[in-house]
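Novice: Sharing a structure with you now.
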Amino acid sequence: MRKRWWLGLILLLGLFRAEAESCLEKYQSLAKAYYSLQKSEQKKYHHNWEKLIEKFQALANAYPSCSKADDAQFMVGRLWYECYLVSGLYSDAINSLSAFYRLVEKYPKSSLSDDALLYRGKIYLKLNKTEQAGDEFKKILSEYPQGDCVKSARKYLKSLSSKSPPPEKAPLRSNDAIALILSSGNPELTREPGNKNLAKLIQIRYWSAPSYTRVVFDLDRKTSFSAPHLLKPDPELGTPPRLYIDLYQTRLGEEFAQNYPYKNRCYELPIGDGLLKRARAGQYQPEVVRVVLDMESIQEFKYFTLPASEDAGFRIVIDVYGEKAQLPPQKTRPPSQPSPPPKPAREKRLVIVIDPGHGGKDPGAVGPYKTREKDVVLKISRYLAQELKAIFPQAKIILTRYNDRYLSLVERTAKANALEADLFISIHCNANPDRRAYGIETYYLDNTTDRAVLRLAARENFVSEKIMESAGSEINQILADLATTSKVNESIPLAKSIQKELVKTLSQKYSYIKDLGVKKAPFWVLTGAVMPCVLVEVSFISNPREEKRLASSSYQKLVARGIARGVKSWLKTSGTLTSVVY
Ligand SMILES: [Zn+2]
0 MRKRWWLGLI LLLGLFRAEA ESCLEKYQSL AKAYYSLQKS EQKKYHHNWE KLIEKFQALA
60 NAYPSCSKAD DAQFMVGRLW YECYLVSGLY SDAINSLSAF YRLVEKYPKS SLSDDALLYR
120 GKIYLKLNKT EQAGDEFKKI LSEYPQGDCV KSARKYLKSL SSKSPPPEKA PLRSNDAIAL
180 ILSSGNPELT REPGNKNLAK LIQIRYWSAP SYTRVVFDLD RKTSFSAPHL LKPDPELGTP
240 PRLYIDLYQT RLGEEFAQNY PYKNRCYELP IGDGLLKRAR AGQYQPEVVR VVLDMESIQE
300 FKYFTLPASE DAGFRIVIDV YGEKAQLPPQ KTRPPSQPSP PPKPAREKRL VIVIDPGHGG
360 KDPGAVGPYK TREKDVVLKI SRYLAQELKA IFPQAKIILT RYNDRYLSLV ERTAKANALE
420 ADLFISIHCN ANPDRRAYGI ETYYLDNTTD RAVLRLAARE NFVSEKIMES AGSEINQILA
480 DLATTSKVNE SIPLAKSIQK ELVKTLSQKY SYIKDLGVKK APFWVLTGAV MPCVLVEVSF
540 ISNPREEKRL ASSSYQKLVA RGIARGVKSW LKTSGTLTSV VY
């Protein structure tokens with residue numbers, strides 16, 4: 000017995016050592032990658048920074064007690080900062096600020112914490128936030144008086160105090176009704192809302208394109224809110240068009256204070272994407288948060304809500320459409336040169352967005368042999384892109400993700416809307432606790448009372464079956480609100496065509512291909528899409544036979560071929576996309 004106990008301990012120690020070594024090795028190899036990125040031309044590309052940052056962050060998260068965890072977290076901040084120096088993007092600076100903030104919060108005793116504060120101060124200076132910069136430098140003096148950043152902090156503070164005091168804040172435009180309303184709120188209430196039972200607005204996210212922006216409000220729980228109000232621009236007063244929305248029984252989360260400048264008694268999130276100028280959020284009343292979206296232009300907007308799920312709280316999604324950016328005038332050739340065959344003038348190319356489900360931290364369903372849905376659907380999506388390109392050489396085929404990364408459901412449709420896609424196809428693998436279940440089914444967006452389908456929707460939507468079953472009337476409301484923009488009528492024939500060709504193509508090479516038909520379900524990933532959109536459950540990863548097939552590239556390719564054929568035959572017959580080239 001005693002011997003075994005020792006053996007166990009030795010094994011355990013060995014494990015710890017192995018983990019420490021693996022953390023150390025990983026850190027060193029990432030650090031190497033960082034130095035080579037710094038020197039390379041590749042640093043011009045944002046995604047290279049993002050990739051490396053993701054890896055450092057994953058390391059810090061995976062080994063929180065490793066001796067290099069704080070270093071990895073520090074590198075996340077530093078890389079965002081350097082990325083910001085290259086990109087000039089405000090969001091990169093903000094990401095850097097929050098990464099350094101997390102380091103100080105999580106590892107206050109780390110020798111890097113005062114360096115993180117110094118970085119925060121420097122970033123605030125770059126953003127012209129001298130007051131916040133000063134606070135960071137003062138923190139170094141008070142909390143890390145023995146650290147090696149004291150000298151620099153003093154120098155910065157000295158230069159801040161020697162500068163003339165900042166000019167008085169520009170008086171509020173008396174004609175900006177919303178700013179006035181926001182500014183009349185009591186700032187004390189922002190900090191200490193009396194009622195602890197309020198919902199909390201955690202963050203405001205957005206995805207944007209020249210003529211489309213999706214804004215998502217993340218709350219920690221469901222709350223009631225006013226329908227967004229549109230205020231028209233007033234050229235005389237110089238006010239832009241604005242949308243504002245009141246969230247009742249809600250308070251602003253602390254996250255706003257950490258991440259955004261506080262101006263005129265509201266937090267300001269500069270966006271400036273060409274359509275949305277900025278968002279402003281303030282505690283308008285003790286129990287009401289008001290958010291204002293200042294727009295460049297606005298033609299139309301839509302909104303809907305999504306119930307809380309495992310990966311997100313209650314969400315309010317606002318889709319804003321503005322005027323399209325003007326295309327530059329086409330250059331005309333001098334007549335003496337031989338002219339190339341005339342191209343159709345400014346015709347829109349067919350755009351198809353393929354959405355490989357899941358990814359990153361979300362593996363999707365996992366088969367009995369441990370095949371992961373996220374990997375299979377990514378491969379099928381890549382083959383599908385190739386197949387479609389072969390059929391429609393002029394079309395733009397875009398994937399929502401090209402690698403193993405996590406994307407929220409709202410982000411996927413936002414991408415398709417922003418790209419003005421003509422078609423949106425989400426690829427998934429089915430799963431059932433009964434391993435005998437198998438077959439192929441294709442979905443379009445609609446409500447349903449079919450319990451088996453609701454169970455599937457619950458899984459794909461990241462919510463419990465209970466929520467899915469009880470959300471029936473809410474979903475009806477959402478779908479009714481979106482009825483004018485959603486393309487259900489065109490999605491049904493698309494789903495039918497894909498289902499038919501997929502089953503036919505696979506049946507030519509495989510036996511036991513079961514046609515489960517076209518069905519409707521409330522999938523969040525299809526909600527808010529403004530083009531014909533379908534979700535294909537290509538086979539059951541929970542069924543051993545289909546799992547084996549799904550893992551093979553020959554089956555993946557054939558699935559892709561079947562779907563592509565379905566798209567082709569739909570395009571031929573639907574007659575809806577006559578004006579696009581492909
Ligand atoms: Zn799925």
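For the sequence shown, numbering that gives the first Met the number 0 assigns the number 581 to the last residue and increments by one with no breaks.
Don't be surprised by glycine CBs; every beta carbon is placed ideally from N, CA and C.
Out of curiosity, what's the CA-to-CA distance linking Arg-450 and Ala-456?
Specialist: One C-alpha to the other measures close to 10 Å.
Novice: Provide the residue span of the alpha helix (DSSP H) that contains Tyr-437, from first to last.
Specialist: Note, Tyr-437: premise wrong, no alpha helix (DSSP H); not H, not E.
Novice: Give the C-beta separation of Tyr-401 and Lys-513 to the nearest angstrom, bearing in mind that I take them to be a contact with Cβ-Cβ under 8 Å.
Specialist: Contact doesn't hold; Cβ gap of about 31 Å is too wide.
Novice: Ala-256 to Ser-97, Cα distance in whole Å?
Specialist: Approximately 11 Å, taken between the alpha carbons.
Novice: Does the separation of the CB atoms of Pro-111 and Ile-139 fall below 9 Å?
Specialist: Here residue 111 turns out to be Leu, not Pro, going by the sequence shown. No, the Cβ-Cβ distance between Leu-111 and Ile-139 is not below 9 Å.
Novice: Measuring CA to CA, which of Leu-229, Ile-244, Pro-232, Leu-230 is closest to Ser-614?
Specialist: A query on residue 614 cannot be resolved here, the shown segment of the chain reaching from 0 to 581 and no further.
Novice: Alpha carbon to alpha carbon, how far is Gly-321 from Leu-236?
Specialist: When rounded, the distance between both Cα atoms is 21 Å.
Novice: Kindly give me the distance between the Cβ atoms of Trp-523 and Leu-305, rounded to whole angstroms, as I take these residues to be in contact under 8 Å.
Specialist: Going by Cβ atoms, the distance from Trp-523 to Leu-305 rounds to 6 Å, so yes, they are a contact pair.
Novice: Need the endpoints of the beta strand (DSSP E) that Met-294 sits in, please.
Specialist: 287 to 294 is the extent of the beta strand (DSSP E) around Met-294.
Novice: Rounded to whole angstroms, what is the Cα-Cα separation between Asp-421 and Leu-515?
Specialist: The alpha-carbon atoms of Asp-421 and Leu-515 are separated by roughly 26 Å.
Novice: Please state the DSSP three-state secondary structure of Tyr-509.
Specialist: It is coil, neither helix nor strand.
Novice: Starting from the N-terminal end, write out each residue whose C-beta falls within a distance shorter than 6 Å of any non-hydrogen atom of ligand 1.
Specialist: This selection yields Gly-356, His-357, Gly-363, Glu-372, His-427, Glu-459.
Novice: First and last residue of the alpha helix (DSSP H) that includes Asp-449?
Specialist: Premise fails: Asp-449 is in no alpha helix (DSSP H) and is neither H nor E.
Novice: When burial is assigned at 16 or more other CB atoms within 10 Å of the CB, is Thr-526 buried or exposed?
Specialist: Buried is the call here.
Novice: Measuring CA to CA, which of Phe-423, Tyr-511, Leu-349 is closest to Tyr-443?
Specialist: Per the Cα distances, Phe-423.
Novice: Name the residue from Gly-366, Tyr-100, Gln-476, Ser-95 whose alpha carbon lies nearest to the alpha carbon of Ile-540.
Specialist: Out of Gly-366, Tyr-100, Gln-476, Ser-95, Gly-366 has the C-alpha closest to the C-alpha of Ile-540.
Novice: In chain order, what residues of the same chain have a beta carbon less than 7 Å from the beta carbon of Ser-573, not counting five sequence neighbours either side?
Specialist: Hits under 7 Å: Glu-489, Pro-492.
Novice: Please report how far the alpha carbon of Lys-31 lies from the alpha carbon of Leu-505, in whole angstroms.
Specialist: Computed Cα separation, rounded: 46 Å.
Novice: With distance defined between alpha-carbon atoms, name the residue in Arg-435, Asn-431, Ser-207 nearest to Arg-458.
Specialist: Comparing Cα positions, the closest option is Asn-431.
Novice: Quick one: is His-641 buried, meaning 16 or more other Cβ sit within 10 Å of its Cβ, or exposed?
Specialist: Limits of the chain in this structure are 0 at one end and 581 at the other, which puts residue 641 out of reach.
Novice: Have a look at the DSSP bridge pairing and note the partners of Ala-278.
Specialist: According to DSSP, which records beta bridges pairwise, Ala-278 is partnered with Leu-268, Leu-292.
Novice: What does Lys-262 pair with, by DSSP beta-bridge criteria?
Specialist: Paired residues: Cys-265.
Novice: Rounded to a whole number of angstroms, what is the C-alpha to C-alpha distance between Pro-543 and Val-558?
Specialist: Computed Cα separation, rounded: 17 Å.
Novice: Kindly indicate which residue of Thr-129, Lys-128, Phe-136, Gln-131 has the alpha-carbon position closest to the one of Asp-114.
Specialist: Checking every option, the nearest Cα to that of Asp-114 belongs to Phe-136.
Novice: If you run the structure through DSSP and keep just helix, strand and coil, what is Gln-298?
Specialist: Coil.
Novice: When burial is assigned at 16 or more other CB atoms within 10 Å of the CB, is Lys-508 buried or exposed?
Specialist: So Lys-508 ends up on the exposed side.
Novice: Return helix, strand or coil for His-228, following the three-state DSSP convention.
Specialist: Of the three classes helix, strand and coil, the one that applies to His-228 here is strand, per DSSP.
Novice: What is the DSSP secondary structure of Ile-540, counted as helix, strand or coil?
Specialist: It is coil, neither helix nor strand.
Novice: Quick test of your reading: Val-319 and Phe-300, contact by CB under 8 Å. State the CB separation rounded to the nearest angstrom.
Specialist: That pair is a contact at about 5 Å.
Novice: Does DSSP classify Ser-421 as helix, strand or coil?
Specialist: Residue identity check: residue 421 is Asp in the sequence provided, not Ser. If DSSP states are grouped into helix, strand and coil, Asp-421 belongs with coil.
Novice: Pull up the distance between the alpha-carbon of Ala-92 and that of Tyr-80, whole angstroms please.
Specialist: The straight-line gap from Cα to Cα measures roughly 6 Å.
Novice: Would a C-beta distance cut-off of 9 Å place Val-287 and Thr-249 closer than the cut-off?
Specialist: Yes, these two residues count as a Cβ contact at 9 Å.
Novice: Span of the alpha helix (DSSP H) holding Ala-479?
Specialist: Looking at the DSSP string, the run of the alpha helix (DSSP H) that includes Ala-479 is 471 to 480.
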